[in-house]
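Undergrad: There's a structure below that I have some questions on.
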């Protein structure tokens with residue numbers, strides 16, 4: 003059993019996969035974005051991937067926001083028909099919203115805000131500016147305390163994977179990050195290391211073959227559902 007660590011001491015690299023680590027799981031598709039904690043049966047956060055775009059540039063996320071009738075709001079999606087991200091700025095904001103809105107609660111007010119334990123200079127004056135800057139940096143990276151596992155399609159190119167790593171490690175400051183193929187995750191969830199996974203999604207259907215936990219890329223196929231929709235319209 004893993005040893006209990008003080009809250010101020012981050013886990014070692016080989017301990018991020020333990021049961022006592024509250025890792026976040028992010029599974030985003032073209033229809034919905036799901037987020038939750040590792041070890042739980044169902045995701046606690048399920049939000050639409052579609053978002054509302056207002057004329058002034060404001061972007062509205064969440065089911066309640068996009069379902070409120072607005073004459074000047076345009077419904078958009080950061081994903082393309084192939085299931086890959088096209089609008090990275092919006093996608094990163096959507097992912098962060100799905101995790102911070104329901105999974106990571108509000109932080110307690112630090113001492114710099116309530117006047118307790120204020121550091122003083124040699125003249126006895128409280129230095130507020132430096133403390134406020136540290137507080138703002140901490141609040142901007144609320145995901146820095148949680149390792150993150152994120153799903154990706156099997157046909158994800160290297161540039162897209164690099165961008166995902168950049169968002170997670172540099173923008174969010176997560177201590178550990180891992181990208182897992184959706185086909186692998188589906189097979190592991192059913193206790194199978196060798197399987198043929200058929201994933202019917204919102205915009206496309208993919209077929210992935212796994213052998214001993216490894217994705218056979220040459221056997222992977224992607225079918226765009228838009229072509230089938232044309233046949234029946």
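Residue numbers (this note's numbering): 3 to 235. Beta carbons are placed, not taken as given, at the ideal position from N, Cα and C, and that holds for glycine. Quick caveat, the model's predicted, so the values are computed rather than measured.
(1) By the DSSP assignment, the beta strand (DSSP E) with residue 152 in it spans what residues?
(2) Using CA atoms only, rank isn't needed, just tell me which of 173, 152 and 209 is closest to residue 182.
(3) Identify whether residue 206 lies in helix, strand or coil by the three-state DSSP scheme.
(4) Does DSSP put residue 56 in a helix, in a strand, or in coil?
(5) Quick check: the Cα distance between residue 69 and residue 214, rounded to an integer number of angstroms?
(6) To test your reading of the DSSP string, which unbroken beta strand (DSSP E) runs of 3 or more residues are found completely within the stretch 38-110?
(7) Taking C-beta to C-beta, are residue 64 and residue 50 nearer than 9 Å?
(8) So, with DSSP's three-state summary, where would you put residue 146?
(9) Go ahead and pull the three-state DSSP assignment for residue 218.
(10) What residue range is occupied by the uninterrupted alpha helix (DSSP H) comprising residue 166?
(11) Would you give the residue range spanned by the alpha helix (DSSP H) that residue 191 belongs to?
(12) Report yes or no: do the stretch 23-40 and the stretch 194-207 share at least 3 C-beta pairs separated by less than 8 Å?
(13) Can you give the Cα-Cα distance for residue 220 and residue 164, rounded to whole angstroms?
(14) So, are the CB atoms of residue 56 and residue 75 less than 9 Å apart?
(15) Output the boundary residues of the beta strand (DSSP E) element that contains residue 30.
(16) Going by the CB atoms, is the gap between residue 208 and residue 82 shorter than 9 Å?
(17) Tell whether a beta-carbon distance below 9 Å holds between residue 185 and residue 150.
(18) Which partner residues does residue 35 have in the DSSP bridge list?
TA: Let me spell this out:
(1) 150-154
(2) Minimum Cα distance to residue 182 is reached at 152.
(3) Residue state, collapsed to three classes: strand.
(4) The answer is coil: DSSP assigns residue 56 none of H, G, I, E or B.
(5) Cα to Cα, residue 69 sits roughly 44 Å from residue 214.
(6) 47-50, 53-55 and 76-78
(7) yes
(8) coil
(9) coil
(10) Counting along the chain, residue 166 sits inside the alpha helix (DSSP H) bounded by residues 160-168.
(11) 184-191
(12) Counting Cβ pairs under 8 Å, three or more are found: they touch.
(13) 22 Å
(14) Taking 9 Å as the Cβ cut-off, residue 56 and residue 75 qualify as a contacting pair.
(15) 26-30
(16) No; because the gap between Cβ atoms is not below 9 Å, this pair is not in contact.
(17) no
(18) The partner list for residue 35 (beta bridge, DSSP) reads 30 and 49.
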